[in-house]
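Participant: Pasting in a structure now, in structure tokens, and then I'll have a few things to ask.
Numbering (full-length UniProt numbering), first residue to last: 1 to 559.
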């Protein structure tokens, strides 16, 4: 029996895939601009994405605090976790210059940007530099942004995931395919839109986790599975820097991010600091060690000099209490506090081993311009799905705002185009029906775990080579064919998991191709057969795009 297609096409000006920080900010802004907005969210916008539980740092430039020398601010921000070489300098300047707008807006929406009563900046900055990471209380950021977007007139469709972007014969966006998974049986939903924003977040679960038997023990949002990357790639959008995947770090085996919220020192087993940046815990400075050396936990274990610990034994009682009962709550990681208390672990006496978590794509993805538009007309992107912008929470919020402003102007220049007979709709209905109609076959976890092992063994961070990458790519393509032929689902939830695995395969394939094409070593990409760093590529990003069966790889200059 074919998967049902809902009667009636959902028509809107601006369709947003994902109700995370960038998606909700875009919805709020676009609705305020007077255009029709629909947000399609896989889960529930009140608690979804990497900002689901909250955040406590917002990278920003506030002139009254940081002065009028914006060039100094840009240089110093570029030395933080929100800067670095994997971001176009123009994009850094863009999002940073508009952060104060978002800070003021969020405060007006009921998000506490000044818990101490004043602008307070802590952590994530080089010693001697100004501090730019506003310490705020974001525990309610998702409910607040959801309410604000709806109040402005945005329509939010929870339990509805977008699976494909629809483009016309000219390559312009005209809509999308979605699936409602709120009931036991999935139902396809067809959208007609002049512009689409992909704000679907990072790509997790592509590699084995820190506890492989528990796939959803992840420091990010385990429901962020590269859906946006895959949709964009299939639609012909240019992607950037996929081969430069990375990962977060935190308490080993207890996967929670937010390492910048800890007040301690990154130390060896003897309690000695592993870097020279500071010699005593500081609430104001945080611990910059892992920002500067993000692979330190993995590197030291591989070198035999680990383990590496977060050492809070010299942190003051007042700072410990602040960290455990204020900072962790704002960041949404207070389950760490619960675990410490349940197991009678006293941080004044015991160090906590930290480790690197599973590899994923976060700020490696869709290549966008200063209007947040991709290489496909009418297709925008913001947040962790983007490949040439960083900024974490702040970058996501600002670029969501920029995308909405740009889309509000763009939709005035194009006409609606009927999507009811688009060939991809029937193609997807046949695929989805086959998955749901099978009475036996392979369960999604079989394909997921196999994919993770292929990615880790042949395109991991330890070492890569042409032979390894070629073999791994062959295995991935074989797995993908088997998955399309054999995967089955008994209900909407399992069906969603199947689609996630298929999307992850569509993300893994260009990662292999880009790793093969980057014939050099440039951390975190390490080639056994090209051990040198090609200086001619120092100021360039690698890109990939696919049109039909034709894949194009290139290196472009940063702008």
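Every residue gets a Cβ at the ideal spot worked out from N, C-alpha and C, and that includes glycine. As the structure is a prediction and not an experimental result, all values here were calculated from the model.
Output the distance between the C-alpha atoms of residue 115 and residue 137, rounded to the nearest integer angstrom.
Facilitator: When rounded, the distance between both Cα atoms is 6 Å.
Participant: With a cut-off of 8 Å on the beta carbons, I'd call residue 99 and residue 394 a contact; round off their distance for me.
Facilitator: Indeed, because the Cβ distance is near 5 Å, the residues count as touching under 8 Å.
Participant: Comparing C-alpha positions only, which one of 59, 157, 29 sits nearest to residue 18?
Facilitator: Taking only the C-alpha atoms, the option nearest residue 18 is 157.
Participant: Assuming contact is defined by CB atoms lying nearer than 8 Å, are residue 310 and residue 262 in contact in what I supplied?
Facilitator: Yes, the pair counts as a contact, with Cβ atoms nearer than the cut-off.
Participant: What residue ranges within the segment 226 to 298 form continuous beta strand (DSSP E) runs of no fewer than 3 residues, ordered along the chain?
Facilitator: Runs found: 249 to 251, 265 to 267.
Participant: Considering only the alpha carbon of each residue, which of 346, 555, 354, 61 lies closest to residue 536?
Facilitator: The shortest C-alpha separation from residue 536 is found at 555.
Participant: Mind checking whether residue 551 and residue 206 have CB atoms under 8 Å apart?
Facilitator: Cβ atoms of residue 551 and residue 206: not closer than 8 Å.
Participant: Please work out which residues of its chain come closer than 6 Å, Cβ to Cβ, to residue 475, disregarding the five sequence neighbours upstream and downstream, and give them in chain order.
Facilitator: Same-chain partners within the cutoff: 454.
Participant: Tell me the rounded alpha-carbon separation between residue 316 and residue 351.
Facilitator: The straight-line gap from Cα to Cα measures roughly 14 Å.
Participant: Residue 416: which of 168, 131, 193 sits nearest, CA to CA?
Facilitator: Among 168, 131, 193, the Cα nearest to that of residue 416 is on 193.
Participant: Spatial neighbours of residue 460 within its chain, please: C-beta separation below 8 Å, excluding the five flanking residues on both sides.
Facilitator: Hits under 8 Å: 207, 359.
Participant: State the beta-bridge partners of residue 553 as determined by DSSP.
Facilitator: Residue 553 is bridged to 544.
Participant: In angstroms, rounded to a whole number, what distance separates the CA positions of residue 164 and residue 391?
Facilitator: Going by the C-alpha atoms only, they are around 27 Å apart.
Participant: Between the Cα of residue 173 and the Cα atoms of 299, 329, 380, which residue gives the shortest distance?
Facilitator: When each option's Cα is compared against that of residue 173, the closest is 380.
Participant: Label residue 559 either buried or exposed according to how many other C-beta atoms from any shown protein chain fall within 10 Å of its C-beta, with 16 as the threshold for buried.
Facilitator: Classification of residue 559: exposed, given that the 10 Å Cβ count is below 16.
Participant: Quick check: is the beta carbon of residue 239 nearer than 8 Å to any beta carbon in chain B?
Facilitator: Judged by its chain identifiers, the structure shown contains no chain B, having just a single protein chain.
Participant: Less than 6 Å between C-beta atoms, sequence neighbours within five positions excluded: which residues of the same chain meet that for residue 319?
Facilitator: Closer than 6 Å at the Cβ level, and outside the excluded window around residue 319, lie 263, 283.
Participant: Spatial neighbours of residue 466 within its chain, please: C-beta separation below 7 Å, excluding the five flanking residues on both sides.
Facilitator: 516, 529.
Participant: Does the distance from the C-beta atom of residue 287 to that of residue 266 stay below 8 Å?
Facilitator: Yes, Cβ-Cβ distance for residue 287 and residue 266 is below 8 Å.
Participant: Pick from 483, 411, 445, 184: whose alpha carbon is nearest that of residue 196?
Facilitator: If we check each option's Cα against that of residue 196, 411 comes out closest.
Participant: If you draw a straight line from the C-alpha of residue 190 to the C-alpha of residue 323, how long is it?
Facilitator: Cα to Cα, the separation comes out at about 46 Å.
Participant: In the DSSP assignment, find the alpha helix (DSSP H) that holds residue 506 and state where it starts and stops.
Facilitator: That run of the alpha helix (DSSP H) goes 492 to 517.
Participant: Residue 155 and residue 3 look like a contact to me (Cβ under 8 Å); what is the Cβ gap, rounded to whole Å?
Facilitator: About 23 Å; that fails the 8 Å criterion.
Participant: Nearest-angstrom Cα distance between residue 180 and residue 45?
Facilitator: In a straight line, the C-alpha of residue 180 is about 15 Å away from that of residue 45.
Participant: Could you work out which residue in 89, 502, 472 is closest to residue 483 when comparing CA atoms only?
Facilitator: Here the closest residue by C-alpha is 502.
Participant: In whole angstroms, what separates the C-alpha of residue 583 from that of residue 409?
Facilitator: Lying outside 1 to 559, the shown extent of the chain, residue 583 is not represented and no answer is given.
Participant: With a threshold of 16 other CB atoms inside 10 Å of the CB of residue 303, please say whether the residue is buried or exposed.
Facilitator: When all chains shown are included, residue 303 counts as exposed.
Participant: Quick one: grab the DSSP three-state call for residue 11.
Facilitator: DSSP places residue 11 in strand when its eight states are reduced to three.
Participant: Roughly how many whole angstroms lie between the Cα atoms of residue 14 and residue 388?
Facilitator: Near 23 Å, if we compare the C-alpha coordinates of residue 388 and residue 14.
Participant: Compare the Cα-Cα distances from residue 40 to each of 361, 228, 60, 152 and report the closest residue.
Facilitator: Per the Cα distances, 228.
Participant: Kindly indicate the opening and closing residues of the beta strand (DSSP E) around residue 384.
Facilitator: Premise fails: residue 384 is in no beta strand (DSSP E) and is neither H nor E.
Participant: With respect to the beta strand (DSSP E) encompassing residue 194, which residues constitute its N-terminal and C-terminal limits?
Facilitator: Here the beta strand (DSSP E) through residue 194 covers 187 to 198.
Participant: Is the beta carbon of residue 237 sitting closer than 8 Å to the one on residue 375?
Facilitator: It is a contact, given that the beta carbons lie within the stated cut-off.
Participant: Which of the three DSSP states, helix, strand or coil, is assigned to residue 527?
Facilitator: Of the three classes helix, strand and coil, the one that applies to residue 527 here is strand, per DSSP.
Participant: Can you tell me the Cβ-Cβ gap for residue 199 and residue 16, rounded? I've got them flagged as a contact below 8 Å.
Facilitator: Their Cβ separation, rounded to whole angstroms, is 6 Å, which keeps residue 199 and residue 16 in contact under 8 Å.
Participant: Is residue 361 closer than 8 Å to residue 504 when the C-beta atoms are compared?
Facilitator: It is not a contact, given that the beta carbons lie outside the stated cut-off.
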